[in-house]
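Below is one structure, written out as structure tokens; comments come after it.
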Amino acid sequence: MLNGKNILITGGTGSFGKKCTQLILERYSPKRLVIFSRDELKQYEMRQVFNQKCMRYFLGDVRDQSRLKRALEDIDVVIHAAALKQVPAAEYNPFECIKTNVLGAQNLIEGCLDTGVQRVVALSTDKAAAPINLYGATKLCSDKLFVAANNIAGSRDIRFSVVRYGNVMGSRGSVIPFFLEQRKTGVLPITDPEMTRFNISLLEGVEMVLWAIENAWGGEVLVPKIPSYRITDLAMAIGPECEHKIVGVRPGEKIHEEMITESDSFNTVDLGPYFAILPAGAKYNMKNYCARTSAQKVEPGFRYDSGSNERFLGVDELRALIDNFVVDA
Numbered sequence: 000m001l002n003g004k005n006i007l008i009t010g011g012t013g014s015f016g017k018k019c020t021q022l023i024l025e026r027y028s029p030k031r032l033v034i035f036s037r038d039e040l041k042q043y044e045m046r047q048v049f050n051q052k053c054m055r056y057f058l059g060d061v062r063d064q065s066r067l068k069r070a071l072e073d074i075d076v077v078i079h080a081a082a083l084k085q086v087p088a089a090e091y092n093p094f095e096c097i098k099t100n101v102l103g104a105q106n107l108i109e110g111c112l113d114t115g116v117q118r119v120v121a122l123s124t125d126k127a128a129a130p131i132n133l134y135g136a137t138k139l140c141s142d143k144l145f146v147a148a149n150n151i152a153g154s155r156d157i158r159f160s161v162v163r164y165g166n167v168m169g170s171r172g173s174v175i176p177f178f179l180e181q182r183k184t185g186v187l188p189i190t191d192p193e194m195t196r197f198n199i200s201l202l203e204g205v206e207m208v209l210w211a212i213e214n215a216w217g218g219e220v221l222v223p224k225i226p227s228y229r230i231t232d233l234a235m236a237i238g239p240e241c242e243h244k245i246v247g248v249r250p251g252e253k254i255h256e257e258m259i260t261e262s263d264s265f266n267t268v269d270l271g272p273y274f275a276i277l278p279a280g281a282k283y284n285m286k287n288y289c290a291r292t293s294a295q296k297v298e299p300g301f302r303y304d305s306g307s308n309e310r311f312l313g314v315d316e317l318r319a320l321i322d323n324f325v326v327d328a
């Protein structure tokens with residue numbers, strides 16, 4: 000699918016973008032692989048690692064429609080990873096988050112429709128399911144924009160899809176590198192002893208996006224089947240000798256991550272490795288989709304959250320995973 004293609008990754012200097020670039024270069028022979036981001040230092044640092052002939056680095060911001068459209072010229076596949084993601088920062092600077100996550104998404108959609116792009120996969124988050132914070136609300140809005148973009152594609156050969164997953168193990172700003180750093184102080188702050196989280200590796204996240212590029216019909220919100228962990232078990236895996244201090248849930252934070260709500264269950268199918276939330280009133284109906292993809296419709300009232308998940312990682316499994324990963328700085 001990606002051999003000989005021109006590919007653009009927005010927010011390409013982040014944790015996901017670098018891993019995605021690595022896998023694409025290892026597995027395919029793209030004609031061009033464009034990294035579009037706004038940080039010149041990160042681009043410089045990434046260029047020291049990925050400097051193959053096919054690589055291009057474009058400075059720009061998804062808020063800037065004209066610059067984005069210029070970067071999209073002759074692009075076949077877009078992976079949209081650019082976003083403002085920090086919950087506290089979004090609560091304090093709400094419209095800045097809206098400008099990047101919502102207006103930036105629409106800028107990308109319009110640019111892709113105008114320049115002949117064929118496949119678009121946008122990254123989402125568990126926080127977009129029944130959002131209780133500004134960041135989650137912007138990502139839900141972004142998801143809706145990408146799903147609805149298929150309705151205005153007309154005769155263009157273009158498909159827009161979304162992938163949604165939770166905490167990426169070891170990514171910047173996530174709990175594992177935070178606990179590893181806090182371990183030096185002898186105190187690990189626990190927000191709530193009942194808290195759970197999904198766990199996905201960068202590799203699994205990238206694999207999912209590559210699968211979506213190849214297989215998505217357009218309009219799906221794809222959700223991976225991944226294990227959960229308890230925050231108390233993570234604390235025991237990282238700092239069993241530390242004090243585990245209960246500090247309370249932060250504003251905009253959920254006790255359990257949720258990726259498929261009960262309301263979504265009526266439009267959700269099981270694809271095997273992934274779930275797919277299909278758009279209501281789609282150009283393909285549920286029966287047709289299941290027949291052509293071998294998917295199974297989930298039961299009405301089904302929900303998928305980290306607290307009621309069937310599989311949990313134990314302390315030893317978490318410790319083994321942590322011992323074998325390098326924090327992406």
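Each residue of the sequence shown is one higher than the one before, counting from 0 in numbering that gives the first Met the number 0. Heads up, the beta-carbon is just placed ideally off N, CA and C, and yes, glycines get one too. This one's a predicted model, so the numbers in the text were calculated from it and none came from an experiment.
Exercise. Just to confirm, are T330 and A80 a CB contact at a threshold of 8 Å?
Worked result: Nothing in the structure corresponds to residue 330, since the chain is present only between 0 and 328.
Problem set entry | M54, enclosing alpha helix (DSSP H) - first and last residue | That residue, M54, is in no alpha helix (DSSP H); its beta strand (DSSP E) goes 54-58.
Problem set entry | Residue nearest to P87 in terms of C-alpha spacing, selected from C53, L102, N132 | Considering only alpha carbons, the answer is N132.
Exercise. Are the beta-carbon atoms belonging to S160 and V116 less than 8 Å from one another?
Worked result: At least 8 Å separates the beta-carbon of S160 from that of V116.
Problem set entry | Runs of beta strand (DSSP E) wholly within the region 249-292 (minimum 3 residues, chain order) | Those beta strand (DSSP E) runs which fall completely within the region 249-292 and span 3+ residues are 257-259, 267-269, 273-276.
Problem set entry | Residues bridged to K244 (per DSSP) | Bridge partners of K244: P188.
Exercise. Closest by CA to G107, which one among A128, G59, A127, E90?
Worked result: The amino acid occupying residue 107 in the given sequence is Leu; Gly does not appear at that position. Among A128, G59, A127, E90, the Cα nearest to that of L107 belongs to G59.
Exercise. Is V222 closer than 8 Å to M168 when the C-beta atoms are compared?
Worked result: For M168 and V222, no; Cβs fall outside 8 Å.
Exercise. Roughly how many angstroms lie between the CA atoms of N266 and E213, to the nearest whole one?
Worked result: The alpha-carbon atoms of N266 and E213 are separated by roughly 22 Å.
Exercise. Helix, strand or coil for L7 per DSSP?
Worked result: Reduced to three states, the DSSP call for L7 is strand.
Problem set entry | Residue burial classification, K126 (beta-carbon count within 10 angstroms, cutoff 16) | Counting Cβ neighbours within 10 Å, K126 comes out buried, since at least 16 surround it.
Exercise. Near L317, what residues of its chain come up, given a Cβ to Cβ distance below 7 Å and the 5 sequence neighbours on each side ignored?
Worked result: Result list for L317: Y228, D232, L233, A236, in chain order.
Exercise. Are the Cβ atoms of R118 and V61 separated by less than 8 Å?
Worked result: Result no, Cβ atoms of R118 and V61 do not sit closer than 8 Å.
Exercise. If you draw a straight line from the alpha carbon of G251 to that of L187, how long is it in whole angstroms?
Worked result: Approximately 20 Å between the Cα atoms of the pair.
For this session: For the beta strand (DSSP E) containing R196, list its first residue and its last residue.
Result: Run containing R196: 195-197, per the beta strand (DSSP E) assignment.
Problem set entry | V174 beta carbon less than 8 Å from that of L122 | Their beta carbons are not under 8 Å apart, which means L122 does not touch V174 by this criterion.
Exercise. Is it true that the region 42-57 meets the region 96-113, where meeting means three or more beta-carbon pairs spaced less than 8 Å apart?
Worked result: No: the two stretches stay apart, fewer than three of their Cβ pairs being nearer than 8 Å.
Exercise. Does the distance from the C-beta atom of H243 to that of S305 stay below 8 Å?
Worked result: Annotated as distal: H243 and S305, with beta-carbon spacing of 8 Å or more.
For this session: Figure out for me which residue from R171, T137, C289, E90 has the closest Cα to the Cα of G103.
Result: Per the Cα distances, T137.
Exercise. A215 lies in the beta strand (DSSP E); which residues open and close that run?
Worked result: Taken as a continuous stretch (DSSP letters only), A215 belongs to no beta strand (DSSP E), as it is neither H nor E.
Exercise. Contact check, T260 vs A128 under 8 Å by CB: the rounded distance?
Worked result: Going by Cβ atoms, the distance from T260 to A128 rounds to 5 Å, so yes, they are a contact pair.
Exercise. Quick one, which of V208, V248, I199 has its alpha-carbon nearest E193's?
Worked result: For the set V208, V248, I199, the Cα lying nearest the Cα of E193 is the one of V248.
For this session: Could you name the residues of the same chain whose beta carbon sits closer than 8 Å to that of L312, not counting the 5 residues immediately before and after it, in chain order?
Result: If we look at L312 and ignore the five residues flanking it on each side, its Cβ neighbours are N198, P226, S227, Y228, D232, L320.
For this session: Have a look at R66 and E72 and give me their C-alpha separation to the nearest angstrom.
Result: Rounded to the nearest angstrom, the two C-alpha atoms are 10 Å apart.
Exercise. For the alpha helix (DSSP H) that contains P87, what are its first and last residues?
Worked result: Its alpha helix (DSSP H) spans residues 86-91.
For this session: Decide if M45 is buried, meaning its Cβ has at least 16 other Cβ atoms within 10 Å, or exposed.
Result: Classification of M45: buried, given that the 10 Å Cβ count is 16 or more.
Exercise. What's the gap between the Cα of L40 and the Cα of Y56?
Worked result: Distance from the CA atom of L40 to the CA atom of Y56, rounded to whole angstroms, is 12 Å.
Exercise. Whose CA, out of Y43, D38, N2, lies closest to the CA of R31?
Worked result: For the residues Y43, D38, N2, the minimum Cα distance to R31 belongs to N2.
For this session: Can you give me the Cβ contacts of I245 inside the same chain, cut-off strictly under 6 Å, excluding the 5 residues immediately before and after it?
Result: Hits under 6 Å: I189.
Exercise. Using the beta-carbon count (16 or more within 10 Å), is L277 buried or exposed?
Worked result: By the neighbour-count definition (other C-beta atoms within 10 Å, threshold 16), L277 is a buried residue.
Exercise. Can you tell me whether S262 is buried or exposed, with buried defined as 16 or more other CB within 10 angstroms of its CB?
Worked result: So S262 ends up on the exposed side.
Exercise. Leaving out the 5 sequence neighbours to the left and right, which residues in its chain are closer than 7 Å to T12 when beta-carbon positions are compared?
Worked result: Contacts found: I34, S36, D38, K41, Q42, M45.
Exercise. Since K84 and L201 are thought to touch, with beta carbons under 8 Å apart, how far apart are those beta carbons, to the nearest angstrom?
Worked result: With 8 Å as the limit, K84 and L201 do not qualify as a contact, their Cβ atoms being about 15 Å apart.
Problem set entry | N- and C-terminal bounds of the alpha helix (DSSP H) containing A136 | Note, A136: alpha helix (DSSP H), 133-148.
For this session: Mind checking who R229 pairs with in its DSSP beta bridge?
Result: Answer by DSSP bridge pairing, in chain order: T195.
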